[in-house]
Every structure is written in C-alpha cells, then in structure tokens.
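So for the sequence shown, this note's numbering puts the first residue at 28; every next one is plus one.
Glycine included, C-beta positions come from ideal geometry on N, C-alpha and C.
Here the structure is laid out as structure tokens; the discussion comes afterwards.
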Amino acid sequence: MKTCKSLSAGVNPGVALVLLCAWPAAGMAHGVQGGIEQAPVWFTQVLFLVAWFTYALGAARQQPRFGPRLALHSAMLIAGLSLFGPLDEWSESSAAWHMVQHMLLMVVVAPLLVLARPLPQWRAVLGARADVAWRGLHRLSRRPMTCALLHALAIWFWHLPGPYMAALASPLWHVIEHACFLLSGWLFWWSVLRPGRAGTLAAAGALLFTVLHTGMLGALLVFAHLPLYSVAQSALADQQMAGLVMWVPGGLVYLLVAVWAGARWLGSLEVPALTRASLVPRR
28 MKTCKSLSAG VNPGVALVLL CAWPAAGMAH GVQGGIEQAP VWFTQVLFLV AWFTYALGAA
88 RQQPRFGPRL ALHSAMLIAG LSLFGPLDEW SESSAAWHMV QHMLLMVVVA PLLVLARPLP
148 QWRAVLGARA DVAWRGLHRL SRRPMTCALL HALAIWFWHL PGPYMAALAS PLWHVIEHAC
208 FLLSGWLFWW SVLRPGRAGT LAAAGALLFT VLHTGMLGAL LVFAHLPLYS VAQSALADQQ
268 MAGLVMWVPG GLVYLLVAVW AGARWLGSLE VPALTRASLV PRR
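Structure (structure tokens):
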C-alpha cells in the first residue's frame, strides 16, 4: 500500500511536460504547419500544464485522498496521450482513431475528473475568484437530463460532416471540438455520478438516453452506404470501424453505469420501505 501511495505521489505535472516534448509534431493540429494558426494548440498545451500544476500546488495545501489523487493524475495522463501524443497524429487520417480519441475524452477522462473531485485543490490556489463559475456549474449538474442533452448536442454536432471536416482542417476548430467533448462530458458525468439520492432516477434516465443516441449515431456510421467524411475508397471501412468504437465499447460504459444508477435508485426505495415497516407496531 505504501508503494502505491508513493507511486501516486510521484506522478506529477512534470509528466505532462514530458508528454508535450516527446511528440513535438502533435502541436501541429491535423496537418496544418506553423504560423499563427497554431496559437490555439499552444494555448491548449499551456492550459493543460497550468491545470495540472495548479492541482499539484493545491494538493500540497489541501491533501486529497489516494483514490481521487490517482484518478486526477490518470485523467491528465490519458488526456495528454490523447491530445498531444501519437494518437492525435493517427486521427488525422483515420476516422476510427479519431473516434478512439473522442471516446477516451468522453468516457474515460471526463468521469475520472469527476471521481477526482479536483475543485477543492484548484480553489486552494485560485481562491474565491472562480466560485461564481463553480456555483453555476453545480446548479446545472443537479439536472442530469439537461446535462445529457447538452452532451448529446456536442456529440451530434461535431459528428456532422461539416463540423467534423472543419475540425480536421483548422487547429482552432480542432481545439473547440475537443473542449466541447471534454467539458460537456465532465458536466454530464458530474450530474449522473453525484446526483444525490433524489436525483438517482433522473441520472439513470439520462444515462439510458445517452446509450440510445450514441448507439444510434454509431449504427448510422456502421450501416451508411457512403463515407460521410471522405471520398477515399477505404474511408467507408474506416468509418464503419469508428461507428463500432462508439456503439460497442463506448455504449457499454454508459450502459454499465446506467445499470449501477438504476440499482442505486432501487436501493434507495427499499430503505424507506424498511423504515416504515419497522415503525408498524406488532400485535
């Protein structure tokens, strides 16, 4: 156990710097080389490092438990590999790898950030300046279906042919696309993983809705007769693989958490029933 804790403590924002330096070509978003066009990508890299370092500073002031700390470092490590590693280069020419990148952000990184609960550590450094934004997000997170609709809007919009191709061609739209996936995913998972007892049924409903619409989009990509994003001969098979990535492993994550939320809701119904039964006087 001590070894695990030391490993968790040893994972620090310096890993992010190594990731960003290890693949310098990752800074070239989807094939556009150099110039002022790269400013959004550089800004994202700086913001990524600042967020990780800020958490490390806050963790020194307000120490998190081992589990949340490990979740945060895992989320940042996977996000760094997805956004700045070889996967970002592979996604330039492959819809399947592009979908892997999207699903990592939405069903791995986003829920890990929720489980990490990093807001106290960030607040320890930023102070009360960000409280207005946190309060607004917290109020919105109490509405799982609203968060699910926002997440669905982001998913469907960026998988339309026009926005999808714009993200491939422009570093700015590329950054905005990933920000939409990550932020809407974080808010969605926040609403369904931490809904409170009263919101558990709504969380299960939001998860089932997400299973259905992502499965529909995945099936659309799998069974389409023409490639939606390219005219290359191999594009249709690549697109079908992308649809399977969203439909099967991505949908399975949403479905398993929906089952968990439903079981939690049923468990919350049993407790009041047992309480009422215990209050009935025996004859």
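Annotation: Ala231 to Leu176 spans about 14 Å, alpha carbon to alpha carbon. In the three-state scheme derived from DSSP, where H, G and I count as helix and E and B as strand, Arg221 is classed as coil. In this structure, Ser109 and Leu142 do not form a Cβ contact; the two beta carbons are roughly 18 Å apart against a cut-off of 8 Å. With a threshold of 16 other beta carbon atoms within 10 Å, Gln266 meets it and is buried. Classified as exposed, Arg156 has fewer than 16 neighbouring CB atoms from the shown chains inside 10 Å of its CB.
With distances taken between CA atoms, Met243 lies nearest to Trp183 out of Leu199, Ala66, Trp183. Of the candidates Cys174, Ser257, Arg166, Val135, Ser257 places its Cα closest to the Cα of Pro188.
The Cβ-Cβ distance between Thr227 and Ala179 does not fall below 8 Å. The segment 142-151 makes no contact with the segment 203-215; the number of CB pairs closer than 8 Å stays below 3. The C-alpha of Gln90 lies about 18 Å from the C-alpha of Val77.
Looking from the CA of His129, the closest CA among Phe70, Ala86, Leu199, Phe208 belongs to Phe208. With fewer than 16 neighbouring CB atoms inside 10 Å of its own CB, Phe250 falls in the exposed class.
Annotated three-state conformation of Gly112 is coil, per DSSP.
Positions of the beta strand (DSSP E) runs, each at least 3 residues long and wholly inside the segment 201-267, cannot be given because no such run exists. Here Val135 has Ile105 as same chain residues with Cβ atoms under 7 Å from its own Cβ, once five neighbours each way along the sequence are excluded. Secondary structure at Ser121: coil, using DSSP grouped into helix, strand and coil. Between the alpha carbons of Leu234 and Gly294 lies a gap of roughly 18 Å. One thing to note: Ala246 has its Cβ no nearer than 8 Å to the Cβ of Trp217. Nearest Cα to Ala151 within the set Ala86, Val159, Ala193: Ala86.
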